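What follows is one structure encoded as C-alpha cells, with my remarks underneath.
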C-alpha cells in the first residue's frame, strides 16, 4: 500500500534453470509511465526509453537482478509492473518467463474550507450569516469529513439557527461524512452580534480520515468589524468655471459628518494639482500638505463640518481640468458614495500671434513697383482662431496685385476706387503655423511712406507686443531716367489676382507671369 508521491522500488530477478547457457537475454518491462514515473535503475544497461534490459549471456544456474525505482503518480487504484524475459537460446518452458507485481495506491483528497460573512462591518444587534463551504479538490473521495468552528458564544455571537441539522449547535461541529471528488457542501449559520466596537474572528477547520495532498487549506477564518457609524460628505467647487492661462482659481473643499457618531482619522486627498497644470499658491489651513495634496483633518464630530480654501494659478491652456477630492476615515461609514467629489475647470486656449511687414527695397523710385511682404505666425501654444491681419493702405501707393498662402484678402476702396484699407482674413492658425501675404504696389508720390499692419485673433493672445509692425520706404525721383531692371512694366488697370483673366487687356497677365512669385512662394 502506497500513497501518491511515494517511491516504489521494483526488483526483477532472472534465473537460468538450464540445462544450457542462455545468450542474448532480453527483459521487457510493461507499466504505465503516467502512473509510475521512472526515476533510476541499479544497472546502467537498462534502456529507459524502451523499458528493456539486455543481458549478453546467463550461465546455467546463475541469476541476476535489477532494481527499478519509480514514483507513484496515481491514487485509489492498483499499480502493476509486468516483466517478460526471452533469449536467443531455446527455452522449453516459457510459462515462467512472465511475472508481475502490484502496489495499491491509497486514495487522496484535498479539502478546502472557506468562511465568509454576509455583512462587514456591522453594528451591535445586527444579524450576520456565516457561510462555510467545504470542497474536495482532490482526485478521490474523502471519508469521515468533520468540520469544527470557534466557540461562537465566547465570541459574543448568539447562534439563532443553522441550514443543516447535522450541525451541533452546542459543540459547533458539522458532521459531513463522505465528500466526493469535485464535490462541495455548504452551511449557513445565522447569528446576532452581541457586542460593539470590536473585531470578531470565526475560524473553521475540516478533517478527514483520507490522506490529503494539502493540509494548509483545511483552515479558514473570517473577521467582522463592529464599529461606530459615521457618514462623511465631501464637496469641492472651483471659484470659476472658465479661466485663462495665468488666472487665479480658488478651490473650496467642505467636509461634513452627517452620521450619528464621531469620525476618527479623517483625511482628504486631492488630485496631483501640479500634474494638472495648477500651481498651488497657498491654502487656508496649515494642515494641508502642499506637496502631497493631503488634508489631515483628524476627528470630526457628528453634525460638524470643516472647510479648506486652496488658491491656485492656471499654468496650462486649452484643457478641461478635473480635480478629484476623496475623504477617508478609520470609522465605519454607512454610505461611502458621497466620499468622492470633483469639479471641472475649463482653461481657454491661448496663442501668441506675431506679424512682420517689410518692403523688398528702399529707397524706391517714383512710379516703380515695391512689394510688401507680410508674415503672420502663431507661436502657440494652442491654435489661434479667426486670425485677421489689417492695415490702412497709403494714398501714395497704387495697389496692383497680391498673392497669399492662406485665407482671403478683402480690400476697402474710397469713392474713386482707390484701395484705402486691406483686411486679410487668415482663418485659423495651428501652433507654429505661419501664413504669407505679398502685395505689389506702385509708388505714386515722392516722400516717406509708412505702411503699418496689425494682427489679432479671437483666441486670447498671451503677448500682444508683437501684434503690430510697420515698414517705411523713401520714394525718390529717378534722376538718371533709367528704369529699374527689377521692376517689370506695370499695367495701368490690373484685375484682381483671384480672377486674372481680362479678355480686353492681357497686359495684366503678362505682369502676373513676370512677377517674382518664386522669391516668396517657392513651393507654388
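Numbering (my numbering), first residue to last: 1240 to 1763. Using N, Cα and C, we set each Cβ at its ideal position, and we do this for glycine too. The structure presented is a predicted model; accordingly, all values stated were derived computationally and were not measured.
Self-check item: Inter-stretch contact (C-beta, 8 Å, three-pair minimum) for the stretch 1310 to 1325 and the stretch 1262 to 1272
Solution: yes
Quiz item: Who pairs with residue 1546 in a beta bridge, going by DSSP?
Solution: The residue given as residue 1546 occupies position 307 in the chain shown. Answer is 1493.
Practice problem: Determine, using beta carbons only, whether residue 1710 and residue 1596 come nearer to each other than 7 Å. | Solution: Your numbering for residue 1710 matches position 471 in the chain shown. Your numbering for residue 1596 matches position 357 in the chain shown. Yes, the Cβ-Cβ distance between residue 1710 and residue 1596 is below 7 Å.
Quiz item: For residue 1371, which of 1386, 1361 and 1382 has the nearest alpha-carbon?
Solution: On the chain shown, position 132 is the one that residue 1371 refers to. When only C-alpha atoms are compared, the closest one is 1386.
Practice problem: Spell out the partners DSSP gives residue 1293 in its beta bridges. | Solution: As a working note, residue 1293 is residue 54 in the chain shown. Looking at the DSSP assignment, residue 1293 forms a beta bridge with 1265.
Quiz prompt | From 1683, 1446, 1377 and 1573, residue whose alpha carbon lies closest to that of residue 1469 | solution = As a first step, residue 1469 is located in the chain shown; it is residue number 230 there, counting from the start. Of the listed residues, the one whose Cα sits closest to residue 1469 is 1573.
Quiz item: Would you call residue 1593 buried or exposed, if buried means 16 or more other Cβ atoms sit within 10 Å of its Cβ?
Solution: Start at 1 with the first residue of the chain shown, and residue 1593 comes out as number 354. Per the 10 Å Cβ criterion, buried.
Quiz item: With distances taken from CA atoms, which of 1274, 1397, 1428 and 1363 is nearest residue 1354?
Solution: Taking the first residue of the chain shown as position 1, residue 1354 is located at position 115. Comparing Cα positions, the closest option is 1428.
Exercise. Apply the 10 Å Cβ neighbour rule to residue 1439 and answer buried if 16 or more other Cβ atoms are within range, or exposed otherwise.
Key: Indexing the chain shown from 1 puts residue 1439 at position 200. It is buried - the Cβ of residue 1439 has at least 16 other Cβ atoms within 10 Å.
Quiz prompt | Backbone CA spacing between residue 1675 and residue 1509 [nearest angstrom] | solution = Against the chain shown, residue 1675 aligns to sequence position 436. Against the chain shown, residue 1509 aligns to sequence position 270. Between residue 1675 and residue 1509, the C-alpha separation is close to 47 Å.
Quiz item: Do residue 1242 and residue 1345 have their C-beta atoms closer together than 7 Å?
Solution: Residue mapping note: residue 1242 aligns to position 3 of the chain shown, counting from 1. Residue mapping note: residue 1345 aligns to position 106 of the chain shown, counting from 1. A contact, by the Cβ cut-off of 7 Å.
Quiz item: In the structure shown, what three-state DSSP assignment does residue 1426 receive?
Solution: On the chain shown, position 187 is the one that residue 1426 refers to. The answer is strand: DSSP assigns residue 1426 an E or B state.
Quiz item: Is residue 1630 buried or exposed, if buried means 16 or more other CB atoms sit within 10 Å of its CB?
Solution: The sequence position of residue 1630 within the chain shown is 391, counting from 1. The residue in question, residue 1630, is buried, as its Cβ has 16 or more Cβ neighbours within 10 Å.
Quiz item: Going by other Cβ atoms of all chains shown within 10 Å of its Cβ, with 16 needed for buried, is residue 1377 buried or exposed?
Solution: Translated into positions along the chain shown, residue 1377 becomes position 138. That one is buried.
Quiz item: What is the C-beta distance between residue 1643 and residue 1681, in whole angstroms, given that I count them as a contact (C-beta under 8 Å)?
Solution: As a working mapping, residue 1643 is identified with position 404 in the chain shown. As a working mapping, residue 1681 is identified with position 442 in the chain shown. With 8 Å as the limit, residue 1643 and residue 1681 do not qualify as a contact, their Cβ atoms being about 19 Å apart.
Quiz item: In three-state terms, what does DSSP make of residue 1515?
Solution: The residue you call residue 1515 lines up with position 276 of the chain shown. If DSSP states are grouped into helix, strand and coil, residue 1515 belongs with coil.
Practice problem: Can you tell me which of 1373, 1417 and 1460 puts its alpha carbon nearest to the alpha carbon of residue 1423? | Solution: Counted from its first residue, the chain shown places residue 1423 at position 184. Selected option, being the one with the closest Cα: 1373.
Self-check item: Coil, strand or helix - residue 1312 by DSSP
Solution: For this step, residue 1312 is matched to residue 73 along the chain shown. Note: residue 1312 maps to coil in three-state DSSP.
Quiz prompt | Supposed contact pair residue 1556 and residue 1588 - C-beta distance, whole angstroms, cut 8 Å | solution = The residue you call residue 1588 lines up with position 349 of the chain shown. The residue you call residue 1556 lines up with position 317 of the chain shown. Right, their Cβ atoms sit about 5 Å apart.
Self-check item: Whole alpha helix (DSSP H) elements within the stretch 1304 to 1353, 4-residue minimum
Solution: none
Practice problem: Report buried or exposed for residue 1498, applying the criterion of at least 16 other Cβ atoms within 10 angstroms of its Cβ. | Solution: The sequence position of residue 1498 within the chain shown is 259, counting from 1. So residue 1498 ends up on the buried side.
Quiz item: Could you check where the beta strand (DSSP E) with residue 1623 kicks off and where it finishes?
Solution: By one-based count along the chain shown, residue 1623 stands at place 384. Here the beta strand (DSSP E) through residue 1623 covers 1623 to 1631.
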